[in-house]
Structures are given as C-alpha cells and as structure tokens.
Amino acid sequence: MAQIRVEALDKSFGDFHAVKAASFTVEDGEFLCLLGPSGCGKTTTLRMIAGLELPTAGTIRLDDEDVTMNRASARDIAFVFQLFALYPHMNVRRNIGFPLKCEGIGAAESDRRVVEAARILRISHLLDRPVSGLAGGDRQRVALGRAIVRKPKCFLMDEPLGALDTEMREAMIRELRALHDRLGATTVYVTHDQLEAMAMADMIAVMNNGVVEQVASPRDIYDRPASLFVADFIGSPPMNFLPFRGSLQAGAQAIRLGEREVAIPAAREGLPESDLVLGVRPEHVRFADRGAVRGEVYGAEYLGTTQIVTVTTRYGALKARSPASVSFRTGENVGLDFRPDTLSIFDKASGRAIRTVLHEGGVHG
237 MAQIRVEALD
247 KSFGDFHAVK
257 AASFTVEDGE
267 FLCLLGPSGC
277 GKTTTLRMIA
287 GLELPTAGTI
297 RLDDEDVTMN
307 RASARDIAFV
317 FQLFALYPHM
327 NVRRNIGFPL
337 KCEGIGAAES
347 DRRVVEAARI
357 LRISHLLDRP
367 VSGLAGGDRQ
377 RVALGRAIVR
387 KPKCFLMDEP
397 LGALDTEMRE
407 AMIRELRALH
417 DRLGATTVYV
427 THDQLEAMAM
437 ADMIAVMNNG
447 VVEQVASPRD
457 IYDRPASLFV
467 ADFIGSPPMN
477 FLPFRGSLQA
487 GAQAIRLGER
497 EVAIPAAREG
507 LPESDLVLGV
517 RPEHVRFADR
527 GAVRGEVYGA
537 EYLGTTQIVT
547 VTTRYGALKA
557 RSPASVSFRT
567 GENVGLDFRP
577 DTLSIFDKAS
587 GRAIRTVLHE
597 GGVHG
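Here it is as structure tokens:
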C-alpha cells in the first residue's frame, strides 16, 4: 500500500478555477473521504490523483515518488466509478479477471485471485452468472472485485454507491468499511453524502468551491469545524448560527450576546470589534427559564426518542434537540442556554473559526 501526498494542487479549465491549492495527506492504510457539494472540485481532485487529469500546478506523491505527470497506468492505482462499466457479454468471473488478462497475468494465477476476491466480497456463487442480471449491490461488488484482484497501491472511489437505493447503500457502507479493514488499503473516497463520510472515513477532507476547508477526523469535523461552511455542511440539522458584533480578547471566556453574557471556551486569539458568529449544535441547546436567548416555539419534529424543536428568536430560527417526552406548545415563550464547552466562534467576514481551547487538537485545512 502507499501514502498519498497532495501538495498545493491546482486545476483550471479555461477561466474556471476548479481546484485551488489543495493539500492533504492520506497515510498508508488510511481511509480518507473527499466530502463536499456537487461541483466543489472533489472528483477533479480524485482524477488528478489517478492520472486521468493533469494538474495546472502542484505535486502528487505516492510514497515520496513524484507521480504528478505520470500516466495513469504507471501509478498502480485502482479506480472505482459510480457507473460500474461492467462488460455485459462477460460473466462475473471474466469481468473480475479482465484487468489481469490485460496485464498478462497467467490463467492459473488469475483464477486464484478472482476466486479470492469473490470470497472476500461474498459473491463466489455468482462467478458463472452473467452480469446483466445482477442487482445493483452485486454489480458494485463485481466492480470492487476488479479493483481488488490487481492488488494496487491504493484505491480511488468516485461516489461508488450513488446509484444504489437507500437500503442497499446502507448495507454497502458497512461492507466497504469492513473490506477496508480487512485489506488495509489506502483509500480515497469521493462523496457528497456526509452520512457516508462520517460512517466510513478515518479522515475527512471537506471541499468547497475548489478549496480544502478542513482535514480532520469525523469527530473533529463535527465538534471543531474550521469554518462556517464546514459547520453548516456537517450535521443534521446543521449548526445554529447567532450573529453578533463584538471584540474578543485572547483568554476571554465569555462574549456579550445582546444584553446577556454567554460563557464560551477560552479564546486562544483576539479580534478587534467586528462581525462575529456564535455557533451551537442543536443537541447543545438547553431550555432554561432564565436563558440568554428568548423566543417562541415555532414547531417540533418528532423523531422517536427525541424531537427537533424550532424556536424563532431575534437571531433567526434556532433548532434544539430535546427528549420527545417534553411537551412544547406552538407560540410558547421559552428561554435558551448553550453548553459553554461546545460553542464555536467564527469571523463572519472570512468564515474561519476563531481559535479557542475547543479547537486545540483539531486539524484545520
């Protein structure tokens, strides 16, 4: 397997700047998700790692070897696409073994690898079946089998579960993670689905408008977002944002929100008076009679053991996760407080998170 290092990678298509100085490292055996909305540059980045696109600037290294300008066939990388591109006139066995035939691998060794891959993917009983009659999940397993038999340095996957229905996709998420744990393969996986990324990845690189906004573990991405975009993109419901104007001193442990003081994690940097944003996850909003923010209950979404309560306030609509056993009336006046050790502060102009004790140990892009 291999370490992948992407250093200041740029890609332009005419006047369109698709990827902007992207940098991240995928350690040997690590599973990294490139996560972001459609058009953010994640697939273009993956194609540059694969050698299917050449960068405008920057460097790609596999185990310290500069492969930036190497052709795709010289990189020893397996690419799994969303559209499986299986050969309909071949059965499963021949589809899985086709890359080995192209490489000139002998029949005996080829058959051994095909049988091994089929066993790992639990499709041994399908080897002599035509691919045309397979269900979506089994077709995806065949596509994975074609990648596995090559024993490449790393796997690149471009939204491989995008064409599957919800039930099959959830099953394949578990299978892909189990497969990674078994093979220990360095993997870069592109998705726009935060649930896929949070469930599978060791590390996540969040992209927006061609920029890598943050590279961190799923927990750090959620708990310590590096920007307003990351905080808003990750989470269901996403983070609540309360805009305010004020200054911040290094070491400060409170801010002024309207007429009230709100405790925050100790600031590690200062800012002159400017437009700031307080960020709080719905599960960290607490109902309190003497809360710092007051508002009216707009409605509640029942989720079984919990509910999402929407409260209209001077800062906009805020969402709070509450036990379903607690009753709220539409129009009821309520007070809200926030768990101090979980709050984020953002500079509104740049969108970046202000460094606090909360962010110590997090990894920013």
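With the sequence shown counted from 1, adding 236 to any position gets you this note's numbering.
Every residue gets a Cβ at the ideal spot worked out from N, C-alpha and C, and that includes glycine.
Contact annotation, A467 with G515: C-beta distance approximately 5 Å; criterion of less than 8 Å satisfied. Using a 10 angstroms sphere on the CB of G531, the tally of other CB atoms reaches 16 or more, which defines it as buried.
For Q239, there is no enclosing alpha helix (DSSP H), as DSSP marks it with neither H nor E.
Your pair M393 and V316 checks out as a contact, with CB atoms roughly 4 Å apart and the cut at 8 Å.
Counting the other CB atoms within 10 Å of its CB gives A560 a total below 16, which places it among the exposed residues.
Around I384, the same chain offers A353 as residues with beta carbons nearer than 6 Å, after the five sequence neighbours per side are excluded. For L357, the secondary structure class from DSSP, reduced to helix, strand or coil, is helix. According to the DSSP assignment, C269 belongs to the beta strand (DSSP E) that extends over 267-271. Taking a contact to require three or more Cβ pairs closer than 8 Å, the region 426-434 and the region 243-254 do not qualify as touching. Closest by C-alpha distance to G275, out of G369, L336, L322, V447, is V447. Assigned with DSSP and collapsed to three states, R565 falls in coil, not helix or strand.
If you draw a straight line from the Cα of A407 to the Cα of M439, it comes to about 21 Å. In the displayed model, D525 falls within coil according to three-state DSSP, outside both helix and strand.
Cα atoms of A524 and D573: separation of roughly 6 Å, rounded to the nearest angstrom. Per DSSP, the unbroken beta strand (DSSP E) holding Y425 starts and ends at 422-427.
Contact check between the region 533-540 and the region 479-490: fewer than three CB pairs, one atom from each, fall below 8 Å, which does not count as touching. In this structure Q485 is exposed. Its beta-carbon is surrounded by fewer than 16 other beta-carbon atoms within 10 angstroms. As summarised for the region 268-341, the continuous alpha helix (DSSP H) elements at least 4 residues long and confined to that stretch are 278-286, 328-338, given in chain order. Using a Cβ distance threshold of 8 Å, S368 and P396 do not count as a contacting pair. With a 10 Å radius around the Cβ and a threshold of 16 neighbouring Cβ atoms, K337 comes out exposed.
The Cβ atoms of L268 and A437 lie closer than 8 Å to each other. Three or more beta-carbon pairs separated by less than 8 Å link the region 327-343 to the region 355-367, which places the two stretches in contact. By DSSP's assignment, K555 forms a beta bridge with T546. Under a 10 Å Cβ-count criterion, S586 is classified as exposed, with fewer than 16 other Cβ atoms of the shown protein chains found around its own Cβ.
In its chain, beyond the 5 residues on either side, S483 have a beta carbon closer than 6 Å to the beta carbon of E509. With 16 or more neighbouring CB atoms inside 10 Å of its own CB, V521 falls in the buried class. The C-beta separation of S558 from T542 comes to about 7 Å, placing the pair in contact by the 8 Å criterion. Taking C-beta atoms as the reference points, T422 and I544 fail to come closer than 8 Å. For K584, the closest of Y538, K387, L512, A310 by C-alpha to C-alpha distance is L512. Beta bridge pairing from DSSP links R588 with S463. DSSP places G482 in the uninterrupted beta strand (DSSP E) bounded by 476-484.
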